[in-house]
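S.K.: Protein chains in written order, with this note's numbering: chain A, 64 to 175; chain B, 38 to 149.
The beta carbon of each residue, even a glycine, is placed where N, CA and C say it ideally should be.
Predicted, not measured: the structure shown is a model, and the values here were computed from it.
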Amino acid sequence: ELKVEQNPLFLSMQEGKNYTIYCNYSTTSDRLYWYRQDPGKSLESLFVLLSNGAVKQEGRLMASLDTKARLSTLHITAAVHDLSATYFCAVGYGGATNKLIFGTGTLLAVQP
Amino acid sequence: KAGVTQTPRYLIKTRGQQVTLSCSPISGHRSVSWYQQTPGQGLQFLFEYFSETQRNKGNFPGRFSGRQFSNSRSEMNVSTLELGDSALYLCASSSADRAEAFFGQGTRLTVV
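Put into structure tokens, the structure is as follows:
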């Protein structure tokens, strides 16, 4: 059974600081997704990582995937208040399916 | 291009009743997945449909069922509602296997 662990669960950081969210998963997968969720809202797709060593950047967020270590990271650079949200990683099963297993989520609060 | 549309957005039901939720995927997407989100259990996979066939089912009781129509629209049904079924139900559509999943706004179900 595929399990996804995300840490930290809660992250309070000051504007301008850098930090990293970690996503570990238990069995082999070659695709990983990062989503953002604002309170009371749905999931917004941030990154799709489909191969070992994949790195994608958008604004102050950068995501990477190491399939050998079964680890993905979401790095936040020079945080701003607008980044405050809950961030989820999700791992895909192999084969012909779009089933995703989600991590617990990281609640990010950026303080001015 | 229209996104994933879920109806209704909010529902209040009484224990023992049944409910049907609807999801219209992005045009051209044949894969539809359903997830339940609660504060205690997080985001959990319910089931996935592709071309009117259920491909995967999560660990939920038989009270939870779904179907997909020839136009790829999907419905999920929950019978004999319990208080614990109160949750945000999210639908996601994908264009192909292992492709990016786009989420709808969700249906917030409250069981009283």
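Distance check for threonine 75 of chain B and glutamine 43 of chain B, CA to CA, integer angstroms please.
M.R.: Locating residue 43 of chain B in the second sequence gives position 6, where the first residue counts as 1. Locating residue 75 of chain B in the second sequence gives position 38, where the first residue counts as 1. Going by the C-alpha atoms only, they are around 18 Å apart.
S.K.: Which residues bound the beta strand (DSSP E) around leucine 72 of chain A?
M.R.: Numbered from 1 along the first sequence, position 9 holds the residue referred to as residue 72 of chain A. Looking at the DSSP string, leucine 72 of chain A is not in any beta strand (DSSP E), and its letter there is neither H nor E.
S.K.: Label serine 107 of chain B either buried or exposed according to how many other C-beta atoms from any shown protein chain fall within 10 Å of its C-beta, with 16 as the threshold for buried.
M.R.: By one-based count along the second sequence, residue 107 of chain B stands at place 70. Exposed, since its Cβ has fewer than 16 Cβ neighbours within 10 Å.
S.K.: Output yes if chain B places a C-beta closer than 7 Å to the C-beta of lysine 66 of chain A; else output no.
M.R.: In the first sequence, the residue the question calls residue 66 of chain A occupies position 3. Judged by the 7 Å Cβ criterion, lysine 66 of chain A is not in contact with chain B.
S.K.: Helix or strand or just coil, what does DSSP make of histidine 66 of chain B?
M.R.: Numbered from its first residue, the second sequence carries residue 66 of chain B at position 29. Residue state, collapsed to three classes: coil.
S.K.: For the stretch 72 to 152 of chain A, which segments carrying the beta strand (DSSP E) assignment without a break, of at least 3 residues, lie completely within its bounds, in sequence order?
M.R.: With a minimum length of 3 residues, the continuous beta strand (DSSP E) runs that stay inside the stretch 72 to 152 of chain A are 73 to 77, 82 to 88, 95 to 100, 106 to 112, 118 to 121, 124 to 129, 134 to 139.
S.K.: Going along chain A in order, which residues have a C-beta closer than 7 Å to the C-beta of alanine 39 of chain B?
M.R.: For the purposes of this step, residue 39 of chain B is identified with residue 2 of the second sequence, where counting begins at 1. What alanine 39 of chain B touches in chain A: nothing, since even the nearest Cβ is about 14 Å away.
S.K.: Should serine 75 of chain A be flagged as near chain B, meaning a C-beta pair shorter than 7 Å?
M.R.: As a position in the first sequence, residue 75 of chain A is number 12, starting the count at 1. Cβ-Cβ to chain B under 7 Å: no for serine 75 of chain A.
S.K.: For alanine 138 of chain B, would you say it is in contact with chain A, using Cβ-to-Cβ distances shorter than 7 Å as the test?
M.R.: Here residue 138 of chain B corresponds to residue number 101 of the second sequence, with the count starting at 1. It does: the Cβ of alanine 138 of chain B has a partner Cβ on chain A nearer than 7 Å.
S.K.: So for glycine 79 of chain B, helix, strand or coil by DSSP?
M.R.: As a position in the second sequence, residue 79 of chain B is number 42, starting the count at 1. Strand, per DSSP.
S.K.: Once DSSP output is grouped into helix, strand and coil, what is the label at leucine 120 of chain B?
M.R.: Within the second sequence, the letter at position 83 stands for residue 120 of chain B. In this structure, leucine 120 of chain B counts as helix in the three-state DSSP scheme.
S.K.: Quick one: residues in its chain with C-beta nearer than 6 Å to the C-beta of leucine 36 of chain B, no 5 flanking neighbours on either side, listed in chain order?
M.R.: Residue coverage of chain B in this structure runs from 38 to 149, which leaves residue 36 of chain B outside it and unanswerable.
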